[in-house]
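*Asks:* If you count by my numbering, then the sequence shown holds residues 2 to 182, one letter each, in order.
All residues carry an ideal CB built from backbone N, CA and C; glycine is no exception.
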Amino acid sequence: MINENFAPIPDTAWPAEITSLKEGFAGKLNVYRVMAHHPRLLESWTHLRDHVVVKNSLGAQWSEIIILRSGVNLKSDYEWSHHVSRARICGLSDSRILSIKGNKAKMVEEDNVLCSAVDELFQSKKLSELTKARLRALVGDAGMLDVIATVGFYSTLGYILNSFDTPIDNYIQNEMERNPL
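(1) Answer yes or no: do leucine 1 and alanine 37 have a C-beta to C-beta separation smaller than 8 angstroms?
(2) CB valine 158 to CB valine 85, shorter than 8 angstroms?
(3) I'd like the span of the alpha helix (DSSP H) that includes threonine 20, first residue to last.
(4) What three-state label does DSSP hand histidine 83 in the structure shown?
(5) Going along the chain, which residues of its own chain have a beta-carbon closer than 7 angstroms to the beta-carbon of lysine 102, five neighbours each way excluded?
(6) Less than 8 angstroms between the C-beta atoms of tyrosine 155 and isoleucine 68, yes or no?
(7) Looking at valine 152: is its Cβ nearer than 8 angstroms to the Cβ of serine 77?
(8) Which parts of the segment 53 to 121 are runs of the alpha helix (DSSP H), unbroken and 4 residues or longer, counting only runs that do not cross its ends?
(9) Which of helix, strand or coil does DSSP assign to tryptophan 15?
(10) Beta carbon of leucine 162, beta carbon of valine 32: below 8 angstroms?
(11) Short check: CB of serine 58 to CB of glycine 144, under 8 angstroms?
(12) Please report how far the alpha carbon of valine 114 lies from the alpha carbon of tryptophan 63, in whole angstroms.
(13) Are the beta-carbon atoms of leucine 136 and valine 119 separated by less than 8 angstroms?
(14) For threonine 20, tell me which candidate among Cys116, Pro40, Pro9 has the shortest Cα-Cα distance.
(15) Quick one, are the C-beta atoms of leucine 131 and leucine 122 less than 8 angstroms apart?
(16) Alpha carbon to alpha carbon, what distance is there between isoleucine 10 and glutamine 174?
(17) Please state the DSSP three-state secondary structure of asparagine 163.
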């Protein structure tokens, strides 16, 4: 089933064994249309995605801050654009979204804590004692694990996106052109 260029799979070639996923999240995003080249992986991914994206302990705004900063670290225009859209939907201002790309010292304190954790995970592959203490005070123990899981989850997606030059979905590209940051 896997082809050499890993282009997003169109509806006409969608794998029969994951037909049930096509009408949901997987059929709506190019990153999952690429992952559909490995149907068992995509099917297994749905359970982790449900927790990381929908049922985590962080809430929508903090999740989006973590994902946006992960997108910055991954140098993923796809993740950045998609999550600018989602961040706006959950109420983050454009100025706050833009701050996530920049210097942590200029961020509001909670964003600084979250982005420091993301940066450490990318740079050191672990959280320092200071960052764990700051993060625990902000999000608690379950939240700290959700931060780590979110960074890991979006790292995998970013590696797929960057490895195969996955195009930004048209509706997001159009939204960013109509309403740039």
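*Replies:* For this structure:
(1) The structure shown does not extend to residue 1, since the chain is modelled only from 2 to 182, so the question has no answer here.
(2) By one-based count along the sequence shown, residue 158 stands at place 157. By one-based count along the sequence shown, residue 85 stands at place 84. The sequence given here has leucine at residue 158, not valine. No; because the gap between Cβ atoms is not below 8 angstroms, this pair is not in contact.
(3) What you label residue 20 is simply residue 19 of the sequence shown in a count that begins at 1. Note, threonine 20: alpha helix (DSSP H), 20 to 23.
(4) Here residue 83 is taken as the residue at index 82 of the sequence shown, counted from 1. Helix, per DSSP.
(5) Taking the sequence shown and counting its residues from 1, the one referred to as residue 102 is at position 101. Excluding positions up to five away in sequence, the list reads Val73.
(6) For the purposes of this step, residue 155 is identified with residue 154 of the sequence shown, where counting begins at 1. For the purposes of this step, residue 68 is identified with residue 67 of the sequence shown, where counting begins at 1. Taking 8 angstroms as the Cβ cut-off, tyrosine 155 and isoleucine 68 qualify as a contacting pair.
(7) For the purposes of this step, residue 152 is taken as the residue at position 151 of the sequence shown. For the purposes of this step, residue 77 is taken as the residue at position 76 of the sequence shown. Cβ atoms of valine 152 and serine 77: not closer than 8 angstroms.
(8) 61 to 75, 78 to 90, 95 to 100
(9) The sequence position of residue 15 within the sequence shown is 14, counting from 1. Here tryptophan 15 sits in coil by DSSP.
(10) One-based indexing of the sequence shown puts residue 162 at position 161. One-based indexing of the sequence shown puts residue 32 at position 31. Yes, the Cβ-Cβ distance between leucine 162 and valine 32 is below 8 angstroms.
(11) As a first step, residue 58 must be located in the sequence shown, where it is residue number 57. As a first step, residue 144 must be located in the sequence shown, where it is residue number 143. Contact flag set, yes.
(12) For the purposes of this step, residue 114 is taken as residue 113 along the sequence shown, with counting starting at 1. For the purposes of this step, residue 63 is taken as residue 62 along the sequence shown, with counting starting at 1. In a straight line, the C-alpha of valine 114 is about 10 angstroms away from that of tryptophan 63.
(13) Taking the first residue of the sequence shown as 1, we reach residue 136 at position 135. Taking the first residue of the sequence shown as 1, we reach residue 119 at position 118. No. Outside cutoff.
(14) As a working note, residue 20 is residue 19 in the sequence shown. The residue with the shortest Cα to Cα distance from threonine 20 is Pro40.
(15) Residue mapping note: residue 131 aligns to position 130 of the sequence shown, counting from 1. Residue mapping note: residue 122 aligns to position 121 of the sequence shown, counting from 1. Contact: no.
(16) Taking the first residue of the sequence shown as position 1, residue 174 is located at position 173. Taking the first residue of the sequence shown as position 1, residue 10 is located at position 9. Computed Cα separation, rounded: 19 angstroms.
(17) Within the sequence shown, numbered from 1, the residue matching residue 163 stands at position 162. Asparagine 163 sits in a helix when the DSSP states are folded into three classes.
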